[in-house]
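Asker: Before we start, here is the structure in question, set down as C-alpha coordinates.
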Amino acid sequence: MPMEKTGDAEGFAAISREIFAPLYPYYAARFLAASGIRRGLCLDAGAGGGLLGLAVAEASACRVILADRSVAMLRAARQEIAARGLPGRATVLGADVTALPLAEGCVDLVVSRGSVMFWDDLPRSFGEIWRVLAPDGRAYIGGGLGPPAMRRAICREMAARDPRWREDAPPPPRPGTDPDTQAAALRAAGIHDFAIEPDDAGHWIVFGK
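Numbering (the UniProt record's numbering), first residue to last: 1 to 209.
Here you go:
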(Lines of atoms letter the chains of each structure in order from A; the text may use other names.)
(Lines give C-alpha, C1' and ligand atoms only; values in the text may rest on other atoms or scores of the structure.)
Protein backbone atom coordinates (compact mmCIF):
# COMPACT_ATOMS: atom_id res chain seq x y z
CA MET A 1 0.00 0.00 0.00
CA PRO A 2 1.30 3.50 -0.80
CA MET A 3 2.10 4.68 2.69
CA GLU A 4 5.68 5.89 2.98
CA LYS A 5 5.29 8.39 5.81
CA THR A 6 6.09 6.81 9.15
CA GLY A 7 3.11 8.48 10.82
CA ASP A 8 0.72 7.23 8.15
CA ALA A 9 2.09 3.69 8.44
CA GLU A 10 1.92 3.73 12.22
CA GLY A 11 -1.65 5.02 12.14
CA PHE A 12 -2.74 2.44 9.60
CA ALA A 13 -1.05 -0.37 11.53
CA ALA A 14 -2.68 0.78 14.76
CA ILE A 15 -6.15 0.83 13.19
CA SER A 16 -5.54 -2.63 11.72
CA ARG A 17 -4.55 -4.01 15.12
CA GLU A 18 -7.13 -2.18 17.21
CA ILE A 19 -10.25 -2.00 15.03
CA PHE A 20 -9.92 -4.31 12.03
CA ALA A 21 -8.26 -7.15 13.99
CA PRO A 22 -11.28 -9.54 13.93
CA LEU A 23 -11.36 -9.48 10.13
CA TYR A 24 -8.06 -11.22 9.53
CA PRO A 25 -8.65 -14.56 11.28
CA TYR A 26 -12.20 -14.55 9.89
CA TYR A 27 -11.05 -14.23 6.29
CA ALA A 28 -8.00 -16.45 6.76
CA ALA A 29 -10.21 -19.30 7.98
CA ARG A 30 -12.68 -18.69 5.17
CA PHE A 31 -10.03 -18.79 2.43
CA LEU A 32 -8.25 -21.81 3.86
CA ALA A 33 -11.55 -23.72 4.08
CA ALA A 34 -12.65 -22.72 0.57
CA SER A 35 -9.32 -23.56 -1.05
CA GLY A 36 -8.51 -26.68 0.96
CA ILE A 37 -4.93 -25.41 1.18
CA ARG A 38 -3.32 -26.10 4.55
CA ARG A 39 0.39 -26.01 3.76
CA GLY A 40 2.79 -24.61 1.19
CA LEU A 41 3.56 -20.97 0.44
CA CYS A 42 1.10 -18.10 0.94
CA LEU A 43 1.68 -14.62 -0.49
CA ASP A 44 -0.05 -11.64 1.11
CA ALA A 45 0.10 -9.14 -1.79
CA GLY A 46 0.05 -5.52 -0.66
CA ALA A 47 0.24 -6.82 2.87
CA GLY A 48 0.46 -3.58 4.82
CA GLY A 49 1.17 -4.66 8.38
CA GLY A 50 0.76 -8.29 7.35
CA LEU A 51 -2.18 -9.21 9.55
CA LEU A 52 -4.06 -11.27 6.97
CA GLY A 53 -1.02 -13.28 5.93
CA LEU A 54 -0.04 -13.86 9.53
CA ALA A 55 -3.57 -15.04 10.33
CA VAL A 56 -3.15 -17.59 7.54
CA ALA A 57 0.14 -18.74 9.08
CA GLU A 58 -1.47 -19.08 12.51
CA ALA A 59 -4.42 -21.08 11.17
CA SER A 60 -2.43 -23.46 8.94
CA ALA A 61 0.98 -24.95 8.25
CA CYS A 62 1.61 -22.41 5.45
CA ARG A 63 4.76 -20.36 5.21
CA VAL A 64 3.94 -16.73 4.40
CA ILE A 65 5.53 -13.91 2.41
CA LEU A 66 4.27 -10.42 3.28
CA ALA A 67 4.89 -8.27 0.20
CA ASP A 68 4.48 -4.51 0.13
CA ARG A 69 6.13 -1.61 -1.68
CA SER A 70 6.10 0.65 1.40
CA VAL A 71 9.22 0.58 3.55
CA ALA A 72 7.23 1.86 6.53
CA MET A 73 4.62 -0.88 6.20
CA LEU A 74 7.30 -3.56 5.87
CA ARG A 75 8.74 -2.29 9.14
CA ALA A 76 5.32 -2.69 10.77
CA ALA A 77 5.02 -6.19 9.30
CA ARG A 78 8.41 -7.20 10.74
CA GLN A 79 7.25 -6.03 14.15
CA GLU A 80 4.08 -8.14 13.84
CA ILE A 81 6.10 -11.21 12.86
CA ALA A 82 8.27 -10.80 15.94
CA ALA A 83 5.34 -10.07 18.25
CA ARG A 84 3.55 -13.24 17.13
CA GLY A 85 6.63 -15.43 17.36
CA LEU A 86 6.55 -16.31 13.66
CA PRO A 87 10.07 -15.49 12.37
CA GLY A 88 10.49 -19.04 11.08
CA ARG A 89 7.16 -19.05 9.26
CA ALA A 90 6.86 -15.54 7.83
CA THR A 91 9.10 -13.10 6.01
CA VAL A 92 8.71 -9.67 4.40
CA LEU A 93 9.39 -8.77 0.78
CA GLY A 94 9.81 -5.26 -0.57
CA ALA A 95 8.05 -5.45 -3.93
CA ASP A 96 5.28 -3.97 -6.02
CA VAL A 97 2.59 -6.41 -7.11
CA THR A 98 3.26 -5.44 -10.73
CA ALA A 99 6.77 -6.98 -10.52
CA LEU A 100 6.97 -9.77 -7.97
CA PRO A 101 10.52 -11.15 -7.59
CA LEU A 102 9.21 -14.69 -7.22
CA ALA A 103 9.56 -17.75 -9.43
CA GLU A 104 6.74 -18.81 -11.70
CA GLY A 105 4.34 -21.25 -10.07
CA CYS A 106 5.84 -21.07 -6.57
CA VAL A 107 2.87 -19.76 -4.53
CA ASP A 108 0.02 -21.99 -3.39
CA LEU A 109 -2.25 -19.31 -1.92
CA VAL A 110 -2.46 -15.56 -2.60
CA VAL A 111 -4.47 -13.32 -0.28
CA SER A 112 -4.90 -9.58 -0.34
CA ARG A 113 -7.38 -7.44 1.58
CA GLY A 114 -7.80 -3.70 1.11
CA SER A 115 -4.84 -3.31 -1.25
CA VAL A 116 -6.18 -3.78 -4.78
CA MET A 117 -7.71 -0.30 -4.73
CA PHE A 118 -4.18 1.14 -4.66
CA TRP A 119 -2.70 -0.98 -7.45
CA ASP A 120 -1.56 1.24 -10.31
CA ASP A 121 -1.85 -1.31 -13.13
CA LEU A 122 -4.57 -3.88 -12.55
CA PRO A 123 -3.97 -6.11 -15.60
CA ARG A 124 -0.25 -6.31 -14.89
CA SER A 125 -0.87 -6.95 -11.18
CA PHE A 126 -3.37 -9.72 -11.84
CA GLY A 127 -1.03 -11.19 -14.43
CA GLU A 128 1.83 -11.31 -11.93
CA ILE A 129 -0.34 -13.06 -9.36
CA TRP A 130 -1.40 -15.58 -12.00
CA ARG A 131 2.25 -16.12 -12.98
CA VAL A 132 3.41 -16.97 -9.46
CA LEU A 133 0.42 -19.21 -8.65
CA ALA A 134 1.25 -22.90 -8.51
CA PRO A 135 -0.90 -25.52 -10.22
CA ASP A 136 -4.04 -25.87 -8.07
CA GLY A 137 -3.16 -22.56 -6.37
CA ARG A 138 -5.88 -20.08 -5.45
CA ALA A 139 -6.05 -16.30 -5.14
CA TYR A 140 -8.45 -14.23 -2.99
CA ILE A 141 -8.19 -10.50 -3.68
CA GLY A 142 -10.50 -7.73 -2.58
CA GLY A 143 -12.04 -6.45 0.58
CA GLY A 144 -14.84 -6.80 3.04
CA LEU A 145 -15.76 -6.08 6.63
CA GLY A 146 -16.85 -9.55 7.64
CA PRO A 147 -20.38 -10.62 8.58
CA PRO A 148 -22.97 -7.92 9.43
CA ALA A 149 -22.35 -7.75 13.19
CA MET A 150 -18.58 -7.44 12.65
CA ARG A 151 -19.11 -4.76 9.99
CA ARG A 152 -21.38 -2.71 12.26
CA ALA A 153 -18.91 -2.84 15.15
CA ILE A 154 -16.01 -1.79 12.90
CA CYS A 155 -18.01 1.03 11.31
CA ARG A 156 -19.04 2.39 14.73
CA GLU A 157 -15.43 2.50 15.90
CA MET A 158 -14.16 3.99 12.65
CA ALA A 159 -16.91 6.65 12.61
CA ALA A 160 -15.53 7.94 15.92
CA ARG A 161 -12.10 8.44 14.31
CA ASP A 162 -12.83 9.37 10.69
CA PRO A 163 -15.74 11.56 9.55
CA ARG A 164 -15.83 9.79 6.16
CA TRP A 165 -17.25 6.73 7.89
CA ARG A 166 -20.82 6.31 9.06
CA GLU A 167 -21.85 4.14 11.97
CA ASP A 168 -23.47 1.62 9.63
CA ALA A 169 -21.34 1.76 6.48
CA PRO A 170 -17.81 2.43 5.18
CA PRO A 171 -17.01 5.34 2.82
CA PRO A 172 -17.85 4.92 -0.89
CA PRO A 173 -15.34 2.79 -2.81
CA ARG A 174 -12.54 4.40 -4.77
CA PRO A 175 -13.14 4.90 -8.52
CA GLY A 176 -12.04 1.91 -10.56
CA THR A 177 -12.64 -0.64 -7.83
CA ASP A 178 -16.04 -1.74 -9.13
CA PRO A 179 -16.46 -5.36 -10.24
CA ASP A 180 -16.88 -4.49 -13.93
CA THR A 181 -13.57 -2.61 -14.06
CA GLN A 182 -11.78 -5.41 -12.26
CA ALA A 183 -13.36 -8.08 -14.46
CA ALA A 184 -12.12 -6.23 -17.55
CA ALA A 185 -8.64 -6.03 -16.04
CA LEU A 186 -8.64 -9.77 -15.29
CA ARG A 187 -9.58 -10.54 -18.90
CA ALA A 188 -6.88 -8.15 -20.14
CA ALA A 189 -4.41 -10.17 -18.07
CA GLY A 190 -5.55 -13.35 -19.82
CA ILE A 191 -7.51 -14.62 -16.81
CA HIS A 192 -10.98 -15.73 -17.88
CA ASP A 193 -11.90 -18.31 -15.26
CA PHE A 194 -12.63 -16.20 -12.19
CA ALA A 195 -15.43 -15.28 -9.83
CA ILE A 196 -16.26 -11.97 -8.18
CA GLU A 197 -18.03 -12.85 -4.97
CA PRO A 198 -20.04 -10.18 -3.11
CA ASP A 199 -19.36 -9.61 0.56
CA ASP A 200 -21.33 -7.62 3.12
CA ALA A 201 -19.35 -4.43 2.41
CA GLY A 202 -17.28 -5.25 -0.64
CA HIS A 203 -16.38 -8.15 -2.88
CA TRP A 204 -13.64 -10.73 -3.48
CA ILE A 205 -11.97 -11.72 -6.73
CA VAL A 206 -11.31 -15.46 -6.74
CA PHE A 207 -9.30 -17.37 -9.33
CA GLY A 208 -6.84 -20.22 -9.56
CA LYS A 209 -4.95 -22.61 -11.76
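Virtual Cβ for every residue (Gly too), placed ideally from N, Cα, C.
A quick note: this is a predicted structure, and the numbers were derived from the prediction, not measured.
1) Considering W130, what are the terminal residues of the alpha helix (DSSP H) in which it resides?
2) Go through the region 124-197 residue by residue and report every complete run of the alpha helix (DSSP H) that reaches 4 residues or more, in order.
3) For R124, which residues of its own chain have a beta-carbon under 6 Å away from its beta-carbon, when the five flanking residues on both sides are left out?
4) Quick check on the DSSP output: the beta strand (DSSP E) that includes A57 runs from which residue to which?
5) Look at the alpha carbon of A195 and the alpha carbon of L186, and state the distance between them as a whole number of angstroms.
6) Suppose the cutoff is 8 Å on Cβ atoms and the five residues either side in sequence are ignored; what does the same chain contact list for A159 look like?
7) How far does the beta strand (DSSP E) with I19 in it extend, from its first residue to its last?
8) From this set, L122, P175, G127 and A67, which residue's C-alpha is nearest G105's C-alpha?
9) Give every residue of the same chain whose Cβ lies closer than 6 Å to the Cβ of G146, excluding the five residues on either side of it in the sequence, and list them in chain order.
10) Taking 7 Å as the limit between beta carbons, can you name the residues of its chain near H203, skipping five residues before and five after?
Answerer: This is what the structure holds:
1) Within the sequence shown, residue 130 is the residue found at index 130, counting from 1. Unbroken alpha helix (DSSP H) run through W130: L122 to V132.
2) 148-159 and 179-188
3) As a first step, residue 124 is located in the sequence shown; it is residue number 124 there, counting from the start. Only T98 meet the Cβ criterion.
4) Locating residue 57 in the sequence shown gives position 57, where the first residue counts as 1. Segment L51 to A59 is the alpha helix (DSSP H) holding A57; no beta strand (DSSP E) there.
5) As a position in the sequence shown, residue 195 is number 195, starting the count at 1. As a position in the sequence shown, residue 186 is number 186, starting the count at 1. Cα to Cα, A195 sits roughly 10 Å from L186.
6) The count along the sequence shown starts at 1 and reaches residue 159 at position 159. Only W165, R166 and E167 meet the Cβ criterion.
7) Reading the sequence shown from its first residue, position 19 is the one you call residue 19. Run containing I19: none; DSSP gives neither H nor E here.
8) In the sequence shown, residue 105 corresponds to position 105, counting from 1. With distances taken between Cα atoms, G105 lies closest to G127.
9) Along the sequence shown, one-based indexing puts residue 146 at 146. Correct list, in chain order: L23 and Y26.
10) Numbered from its first residue, the sequence shown carries residue 203 at position 203. Cβ neighbours of H203 beyond the five flanking positions: G142, P179, I196 and E197.
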